[in-house]
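See below for the structure under consideration.
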Amino acid sequence: MQRKKRSLLFLIFSVTIFILGALLPGELRESISQLLHLGNVDAYAHVFFGALIALLLAWLGAPFLIVLMAIISLGAVIEVVQIWIPGRSATWSDMAGNVAGALIGLLVLSLGRCVVKRGHNG
Numbered sequence: 012m013q014r015k016k017r018s019l020l021f022l023i024f025s026v027t028i029f030i031l032g033a034l035l036p037g038e039l040r041e042s043i044s045q046l047l048h049l050g051n052v053d054a055y056a057h058v059f060f061g062a063l064i065a066l067l068l069a070w071l072g073a074p075f076l077i078v079l080m081a082i083i084s085l086g087a088v089i090e091v092v093q094i095w096i097p098g099r100s101a102t103w104s105d106m107a108g109n110v111a112g113a114l115i116g117l118l119v120l121s122l123g124r125c126v127v128k129r130g131h132n133g
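At position 39 of the sequence shown (counting the first as 1) the number is 50 in the numbering used here, and the numbers step up by one without a gap.
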């Protein structure tokens, strides 16, 4: 139970960071990226957070289809909201990164479960 609570807190934290990063005005986002020497990290961030959020949701017991729909919905809402944020725009490539990340996260969890199951079966 304690592990599930930690996973849930980490999920909430991850979603919050993803949303905050997505809603930063373009100029501020670029300044932070330069300050931290991140370069053009945008595409990787979408894949990373999509995978992380999907992995955590599925780990907490959400069905894979629900996880995928949740990631698509979250990404779509963020992309629409970005239309009104100075220096930001909605892009299909960001949505594709979210979906790719979600699929990677689900694949990692599935493979991990198979490995654990094989380990228990000898």
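Glycine residues also receive a C-beta, built at the ideal position from the N, C-alpha and C atoms.
- Taking C-beta atoms under 8 Å as the contact rule, Phe21 and Phe60 fail to qualify, at a distance of about 12 Å.
- Scanning the segment 13–99 from its first residue to its last, the whole alpha helix (DSSP H) runs of 4-plus residues come out as 13–33, 37–46, 53–70, 75–93.
- Judged by beta-carbon spacing, Leu66 lies beyond the 9 Å limit of Leu122, meaning their Cβ atoms are not closer than that value.
- Using a 10 angstroms sphere on the CB of Ile43, the tally of other CB atoms stays under 16, which defines it as exposed.
- The three-state secondary structure of Ala101, taken from DSSP, is coil.
- The criterion of a C-beta distance shorter than 9 Å is satisfied by Ile89 and Ala33.
- Remark: fewer than three beta-carbon pairs, one from each stretch, lie closer than 8 Å, so the segment 12–19 and the segment 73–92 are not flagged as touching.
- Distance between Thr102 and Val92, taken at the CA atoms: about 12 Å.
- Taking a contact as a CB-CB distance under 8 Å, the pair Lys15 and Leu71 counts as one, their CB atoms being some 6 Å apart.
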